[in-house]
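Engineer:
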Amino acid sequence: MATGHDVEGQRDADPMALLEMINSSWMSQAIYVAARLGVADALAGGPRTGEELAGSIGAHAESLHRLLRALSTIGVCTEHDGGAFALTALGSHLRADAPASVRSFALHWGGSMWPIWASLLHSVKTGKNPRTLVTRKGTFESLAQNSEAMRVFNDAMIEISRLMAAGVVRAYDFAGFAHVVDVGGGHGELLGAILAANPALRGTLFDLPHVLEGARTHLEAVGVAGRCEFAPGSFFDSVPSGADAYLLKSVLHDWNDERAAVILTNCRRAMAGSEKLLVVERMLPVRMETSSEHRFMAASDLGMMVALAGRERTEADFRALFASTGFRMTRIVRAAVHYSVIEATAS
């Protein structure tokens, strides 16, 4: 009689399990196509057939029916008798107006990132960003010259920031600060959440001029724009001074150690000595294990490698990077969505 351990070992050795992983890329494209066509928004009013949906979203009826059947196998929708499909709670996050929407991230991952992933071999063999092989341009240069891709990218980053902002605010106490500078803060999703939770706090949102254009609208909408300054500039040149906390959310992982060190050095130059540096990033474990959390982190790390020649980092990596730029790590606070707040002070 086979023991539980034997059964588990047989499952782990099953080539069909590996084949399922190999084939899993179809899910990203199916979700991307659903997001691009607005399937979730079209199903928001109730169950409909592929034929009923096709005309309104610009799709071929039979092919759309087959897509919906595929999406039902991964829980995005459910198939009813008679061929109608209903949106699930999971699938509702593909709606453009959902509070926790990830539609833009689906468009980013399945769109501009899709051909980049095909060059993962190049990155592994050379350690270089393969985007220039695909687009003939650098990463952010390529996005900047494609307004639609840039819009989708910015919206995708807003979605991710929105998902983790509440967790960061719950996990880390910002009440002791008077003024925080959000370095490379994008449209201000995280800074807005921090200011909303701390009425006595002032903020400065620092990013490139074209990024700040959308930030003011968002911070006005959440009622904190009156306590926020908008400072245009590049963190590779300098960082605004005068605050007692400097926030870097999902900035360092975009860059290799050399470029990340430039950003941190500019932050250190802006600090008089007693301020806090708060780095919000995913922190890789010392050893990867078979778990959904570690798979998520591994996907992000490889994504940084192929998209930006950047990287996710371990605690030891952060300590070394901080030490080389005049900082000392003081504590790590686990937050939400696999993120941590890594606190450091001048060494």
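For the sequence shown, my numbering gives the first residue as 1, with consecutive numbering after it.
Each residue gets a CB set at the ideal place from its N, CA and C atoms; glycine is no exception.
As the structure is a computational prediction, the values presented were derived from the model and not from experiment.
(1) Please state the DSSP three-state secondary structure of Y246.
(2) Does the beta carbon of W26 fall short of 7 Å from some heavy atom of the ligand MG?
(3) Compare the C-alpha of T49 against each of I22, E79 and A34 and name the closest.
(4) Measuring straight from C-alpha to C-alpha, what distance separates L90 and P99?
(5) Enumerated in chain order, which unbroken segments of the alpha helix (DSSP H) with a length of 4 residues or greater are wholly contained in the segment 77-118?
(6) Would you kindly work out how many angstroms separate the C-alpha atoms of S24 and A30, rounded to a whole number?
(7) Compute the Euclidean distance between the alpha carbons of V239 and R269, then round it to the nearest angstrom.
(8) Near K249, which residues of its chain fall below 6 Å by C-beta distance, leaving aside the five closest residues on each side in sequence?
(9) Can you pull the DSSP bridge partners for H179?
(10) Would M164 and A335 qualify as a contact pair, given that the criterion is a beta-carbon distance under 8 Å?
(11) Can you give me the C-alpha to C-alpha distance between R36 and A346, rounded to a whole angstrom?
(12) Near I74, what residues of its chain come up, given a Cβ to Cβ distance below 7 Å and the 5 sequence neighbours on each side ignored?
(13) Determine the extent of the beta strand (DSSP E) in which V286 is found, giving its start and end residues.
(14) Please confirm if the segment 247-263 is in contact with the segment 211-223, defined as three or more CB-CB distances below 8 Å between the two stretches.
(15) R48 bridges to which residues according to DSSP?
(16) How should G127 be labelled, buried or exposed, when 16 other C-beta atoms within 10 angstroms of its C-beta is the threshold for buried?
(17) Output yes or no for whether 8 Å exceeds the beta carbon distance between A171 and R95.
(18) Can you tell me where the alpha helix (DSSP H) holding Y32 begins and where it ends?
(19) Less than 8 Å between the CB atoms is what I'm expecting for D182 and G176, so what's the real figure, rounded?
(20) Spatial neighbours of A84 within its chain, please: C-beta separation below 7 Å, excluding the five flanking residues on both sides.
(21) Pop quiz: L278 and V222 are said to be a contact at Cβ under 8 Å. What is the actual Cβ separation, rounded to whole angstroms?
Structural biologist: Straight from the coordinates:
(1) strand
(2) No copy of the ligand MG occurs in the structure displayed, which carries no ligand at all.
(3) E79
(4) 13 Å
(5) Here the runs fully enclosed are 103-110 and 114-117.
(6) 10 Å
(7) 8 Å
(8) Within the same chain, K249 has close Cβ partners L190 and V280.
(9) For H179, DSSP records a beta bridge to R202.
(10) yes
(11) Distance between the alpha carbons of R36 and A346: 46 Å.
(12) M27
(13) Taken as a continuous stretch (DSSP letters only), V286 belongs to no beta strand (DSSP E), as it is neither H nor E.
(14) no
(15) Beta bridge pairing from DSSP links R48 with F85.
(16) Classified as exposed, G127 has fewer than 16 neighbouring CB atoms from the shown chains inside 10 Å of its CB.
(17) no
(18) S25 to L37
(19) About 17 Å; that fails the 8 Å criterion.
(20) Only P47, R48 and T49 meet the Cβ criterion.
(21) In fact, because the Cβ distance is near 20 Å, the residues do not count as touching under 8 Å.
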